[in-house]
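*Asks:* Reading the sequence shown from the start, the letters are residues 133 to 479 in this note's numbering. Below you will find the structure I want to go over with you.
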Amino acid sequence: MTPLVIASANGHQYRNGGTETCVERVFRLMTDGADPADPLEAIVDGVTIVELDPTETSVGFGGLPNADGVVQLDACCMHGSRGRAGAVAALEGIATAAAVAHRVLVETHHHLLAGQGALDFAISRGFAPQGDLMTPRSRGLWIDWRRRLDALLSTDPSLAADARRRAEAGYEIGLAMSREGLIDPNHLWGTITCSAIGPKGDVCGVTSTSGLAWKIPGRVGDSPIPGAGLYVRGGVGAAGATGRGESTLYSLSSFAIVEAMRRGAHPKDAGMAALKEIKDTTVDPSLLNARGAPNFNVKLYIVNAAGDYAGVALYGGDAVRYAVCGENGAELMPCEALIDQGHEFVD
Ligand code: GLY
């Protein structure tokens, strides 16, 4: 079996001051001839690099916080050969959410721990709470967002009483900050997802995120939910998602992709079908741009047990890439786009 690692682009963009990116570390650890790591342990180790990098504003330490300025993390891991999953949701104070999710998988028969229970479990397993996970940069961005929202609330006080309109206004401010170059557009719902086929054919995956920037406190996205932000089936393959989590939750996109591959679909076709389902089920006017298409992006990262892979997105373009690492090293590749290869989703 030829080992392979696939991840969102941040899996080959951040090193946290070290020499390796996530995908490079995963590949090295699981193919180390003398002492190969279990692929899931290797992936958790690789994802930890990105979670701890303070310059990455979409996961772990320095991830963009919720509307109250609190970083709440979601993460999931799945081991296909062992048929096991572990996840945490709305975890506060511990940046390495993927490692905590892995402890849930290894040490419990549960699949998902949330909030204070997840934190208590992590502490009981030896994780040290770090308190505030904001960096000066993420705090500055949150203060800027809050200032803009407060200005809007002062001109339109009715917004304060309407949770939906208020959330939409907050999202619009995030998009504006992204257009102004203050936030990487990939980081509004930024996430890392990484899956691998190990040398013995094991299929494993991890997804970790700080979730939608400025989310309503307590909001949980797709990342910790098996079938939404990640799905792995031994002998078939894996799919992970980044982008607007509510969309992949509604369509259970990762599960749909792996099921399509189980029926024989190629990863690219399975991914495109999942994107089409998201597009077709996006009918709420507040989620459509002027062209009547989704006003958000979703990216899916897919590998089958034979090592065929694909990265697909609703919208493509220079910044919409995915990471792959195999025997010949790591590279970033352009995602295939369903709707448009060259336009921003907000057009
Ligand atoms: N995909 C990450 C989120 O929506 O939370």
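All residues carry an ideal CB built from backbone N, CA and C; glycine is no exception. Quick caveat, the model's predicted, so the values are computed rather than measured.
Considering only residues of the same chain and omitting the five flanking positions on each side of residue 479, which have a CB-CB separation below 8 Å?
*Replies:* Translated into the one-based positions of the sequence shown, residue 479 becomes position 347. The predicted position of residue 479 is uncertain, since its pLDDT is 41 and thus under 50; a value taken from the coordinates is nonetheless stated next. 421, 422, 423.
*Asks:* Whose CA, out of 204, 366, 250, 154, lies closest to the CA of residue 216?
*Replies:* Locating residue 216 in the sequence shown gives position 84, where the first residue counts as 1. Nearest C-alpha to residue 216: 366.
*Asks:* Return the CA-CA distance between residue 440 and residue 287, expressed in angstroms with no decimal places.
*Replies:* The count along the sequence shown starts at 1 and reaches residue 440 at position 308. The count along the sequence shown starts at 1 and reaches residue 287 at position 155. Their backbone Cα atoms lie some 53 Å apart in a straight line.
*Asks:* For residue 198, tell me which candidate among 387, 350, 410, 151 has the shortest Cα-Cα distance.
*Replies:* Against the sequence shown, residue 198 aligns to sequence position 66. Comparing Cα-Cα distances from residue 198 to each of 387, 350, 410, 151, the minimum goes to 350.
*Asks:* Under 9 Å between the Cβ atoms of residue 345 and residue 324?
*Replies:* Stepping through the sequence shown from its first residue, residue 345 is reached at position 213. Stepping through the sequence shown from its first residue, residue 324 is reached at position 192. Not a contact, by the Cβ cut-off of 9 Å.
*Asks:* Quick check: residue 456 and residue 467, are their CB atoms within less than 9 Å of each other?
*Replies:* On the sequence shown, position 324 is the one that residue 456 refers to. On the sequence shown, position 335 is the one that residue 467 refers to. No, the Cβ-Cβ distance between residue 456 and residue 467 is not below 9 Å.
*Asks:* By Cβ distance, which residues of its chain are closer than 6 Å to residue 309, with the 5 residues on each side in sequence left out?
*Replies:* Here residue 309 refers to the residue found at position 177 when the sequence shown is read from its first residue. Correct list, in chain order: 315.
*Asks:* Using a Cβ-based criterion (distance less than 8 Å to any ligand heavy atom), does residue 414 qualify as near ligand 1?
*Replies:* Taking the first residue of the sequence shown as position 1, residue 414 is located at position 282. No - ligand 1 has no heavy atom lying nearer than 8 Å to the Cβ of residue 414.
*Asks:* Pick out whichever of 438, 384, 380, 395 has its Cα sitting closest to the Cα of residue 426.
*Replies:* Along the sequence shown, read from residue 1 onward, the residue named residue 426 stands at position 294. When each option's Cα is compared against that of residue 426, the closest is 380.
*Asks:* Determine whether the beta carbon atoms of residue 371 and residue 403 lie at a separation below 9 Å.
*Replies:* Here residue 371 corresponds to residue number 239 of the sequence shown, with the count starting at 1. Here residue 403 corresponds to residue number 271 of the sequence shown, with the count starting at 1. Yes, they are a contact pair.
*Asks:* What I want to know is whether the C-beta of residue 373 ends up closer than 8 Å to one or more non-hydrogen atoms of ligand 1.
*Replies:* Here residue 373 is taken as the residue at index 241 of the sequence shown, counted from 1. Result yes, Cβ under 8 Å from ligand 1.
*Asks:* If you drop the 5 nearest sequence neighbours on each side, which residues of the same chain put their C-beta closer than 6 Å to that of residue 253?
*Replies:* As a working note, residue 253 is residue 121 in the sequence shown. These residues qualify, in order along the chain: 245.
*Asks:* Assign residue 139 to one of two classes, buried (16 or more other C-beta atoms within 10 Å of its C-beta) or exposed (fewer than that).
*Replies:* Within the sequence shown, residue 139 is the residue found at index 7, counting from 1. Classification of residue 139: buried, given that the 10 Å Cβ count is 16 or more.
*Asks:* Can you give the Cα-Cα distance for residue 462 and residue 160, rounded to whole angstroms?
*Replies:* Numbered from its first residue, the sequence shown carries residue 462 at position 330. Numbered from its first residue, the sequence shown carries residue 160 at position 28. Between residue 462 and residue 160, the C-alpha separation is close to 11 Å.
*Asks:* Report yes or no: do the stretch 183-190 and the stretch 223-237 share at least 3 C-beta pairs separated by less than 8 Å?
*Replies:* At 8 Å Cβ cutoff, the stretches touch.
*Asks:* State buried or exposed for residue 269, treating a residue as buried only when at least 16 other CB atoms are found within 10 Å of its CB.
*Replies:* In the sequence shown, the residue the question calls residue 269 occupies position 137. With fewer than 16 Cβ atoms within 10 Å of its Cβ, residue 269 is classed as exposed.
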